[in-house]
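Student: The sequence shown runs 30 to 280 under this note's numbering.
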Amino acid sequence: MKKLGLVLLAAAVTTISCKNSESENSEKSNENEENVVTGKPASNSDWNDLTTGDINDHWKGYNRDSITQWTLNDGTLHFVPKEGRNQSENLITKNSYTDFELSMEWKISEGGNSGFMWAVVEDKDLGEPYLTGPEIQVLDNEKHPDGKNGPNRHAGALYDMVAPPENATKPVGEWNSVVLKIDHKTNEGSVTQNGVKIVEFPVEGEGWEELVKNSKFADWDRFGKSKSGHIALQDHGHEVWFRNITIKELN
Numbered sequence: 030m031k032k033l034g035l036v037l038l039a040a041a042v043t044t045i046s047c048k049n050s051e052s053e054n055s056e057k058s059n060e061n062e063e064n065v066v067t068g069k070p071a072s073n074s075d076w077n078d079l080t081t082g083d084i085n086d087h088w089k090g091y092n093r094d095s096i097t098q099w100t101l102n103d104g105t106l107h108f109v110p111k112e113g114r115n116q117s118e119n120l121i122t123k124n125s126y127t128d129f130e131l132s133m134e135w136k137i138s139e140g141g142n143s144g145f146m147w148a149v150v151e152d153k154d155l156g157e158p159y160l161t162g163p164e165i166q167v168l169d170n171e172k173h174p175d176g177k178n179g180p181n182r183h184a185g186a187l188y189d190m191v192a193p194p195e196n197a198t199k200p201v202g203e204w205n206s207v208v209l210k211i212d213h214k215t216n217e218g219s220v221t222q223n224g225v226k227i228v229e230f231p232v233e234g235e236g237w238e239e240l241v242k243n244s245k246f247a248d249w250d251r252f253g254k255s256k257s258g259h260i261a262l263q264d265h266g267h268e269v270w271f272r273n274i275t276i277k278e279l280n
């Protein structure tokens, strides 16, 4: 009887241990699934968080010495245009990047327009980052006029170059997750919005040149010419929010 009791006790302990292990694995799996849905990468030293600390730690104004219309609070960058202003105030990262994955969440105001760019060259002779850096659109598709100019102007599009085949944008006032991947080694770029890969494109060579040729940027001398550059957040004159901005450089 004693031996039987010990056997039963050991079996019970083993069962409880297995259940606890399954529960822990399930929690980890759920956590990873949540990260995929939100676009926020799991905690990993390869990812650099650009929304920690002070706004001046990671960001600067494009061709400006100070930041006056953007704030960073609790990990959220918030842009509110000032009345009577006479020039735009775009943000760019202090660091430059070449091959990377950029993950963030954005929320646009009603009727609003914004965007984010890569490979931006800061130059005093250039007034805007979009003169060099290709843009991923941030937009109220329903109420901003650009939403009526075709799907290659809709949120998530490679602006005026590659249109999303489907609308994966949440309503105004809700957060949208987005991941931009740029890899020159494989000549691949992509945009994943709210868990759906909606845009794919070459990032150099004949394929890229053909996209530029068929866009409004065809005669822009310096557009899309640089492999490396800053990440930019656009001031398009409308209130906009960005949060959980993390970037991982690809080796």
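Ideal Cβ placement from N, Cα and C applies to all residues, glycine included. Computed from a predicted model, the values in this text were never measured in an experiment.
What three-state label does DSSP hand Ser52 in the structure shown?
Tutor: Translated into the one-based positions of the sequence shown, residue 52 becomes position 23. Residue confidence for Ser52 is low, a pLDDT of 44 falling below 50, so the modelled location carries little weight and cannot support an answer.
Student: Considering Cα atoms alone, identify which of Ala261, Leu279 and Trp270 is closest to Asn122.
Tutor: Within the sequence shown, numbered from 1, the residue matching residue 122 stands at position 93. Reading off the sequence shown, one finds Thr at residue 122, where the question assumed Asn. Among Ala261, Leu279 and Trp270, the Cα nearest to that of Thr122 belongs to Ala261.
Student: How is Asp78 classed by DSSP in three states: helix, strand or coil?
Tutor: The count along the sequence shown starts at 1 and reaches residue 78 at position 49. DSSP places Asp78 within a strand segment (E or B) once states are collapsed to three.
Student: List the residues that DSSP assigns as beta-bridge partners of Val232.
Tutor: Indexing the sequence shown from 1 puts residue 232 at position 203. Beta-bridge partners of Val232 (DSSP): none assigned.
Student: Could you tell me if Val232 is buried or exposed, where buried requires 16 or more neighbouring beta carbons within 10 angstroms of its beta carbon?
Tutor: For the purposes of this step, residue 232 is taken as the residue at position 203 of the sequence shown. Val232 comes out buried.
Student: My parser needs the alpha helix (DSSP H) runs of 4 or more residues fully inside the stretch 225-269; what are they?
Tutor: Scanning the stretch 225-269 for uninterrupted alpha helix (DSSP H) segments of 4 residues or longer gives 234-242, listed from N- to C-terminal end.
Student: In angstroms, rounded to a whole number, what distance separates the CA positions of Val269 and Lys214?
Tutor: Position 240 of the sequence shown holds residue 269. Position 185 of the sequence shown holds residue 214. When rounded, the distance between both Cα atoms is 33 Å.
Student: By a C-beta neighbour count over all protein chains shown, 10 Å radius and 16 as the cutoff for buried, is Gly266 buried or exposed?
Tutor: Counting from one through the sequence shown, the residue named residue 266 turns up at place 237. With fewer than 16 Cβ atoms within 10 Å of its Cβ, Gly266 is classed as exposed.
Student: Output needed for Ser257: all residues of its chain with C-beta closer than 8 Å, excluding positions within five of it in sequence on either side, in chain order.
Tutor: Mapped onto the sequence shown, residue 257 falls at position 228. Hits under 8 Å: Ser125, Tyr126, Thr127 and Ala148.
Student: Here's the rule: buried if 16 or more other CB atoms are within 10 angstroms of the residue's CB, otherwise exposed. What is Glu142?
Tutor: Here the question's residue 142 lines up with position 113 in the sequence shown. According to the sequence as given, residue 142 is Asn; it is not Glu. Buried, because 16 or more other Cβ atoms sit within 10 Å of the Cβ of Asn142.
Student: Measuring straight from C-alpha to C-alpha, what distance separates Thr161 and Pro200?
Tutor: Translated into positions along the sequence shown, residue 161 becomes position 132. Translated into positions along the sequence shown, residue 200 becomes position 171. Roughly 30 Å between the two C-alpha positions.
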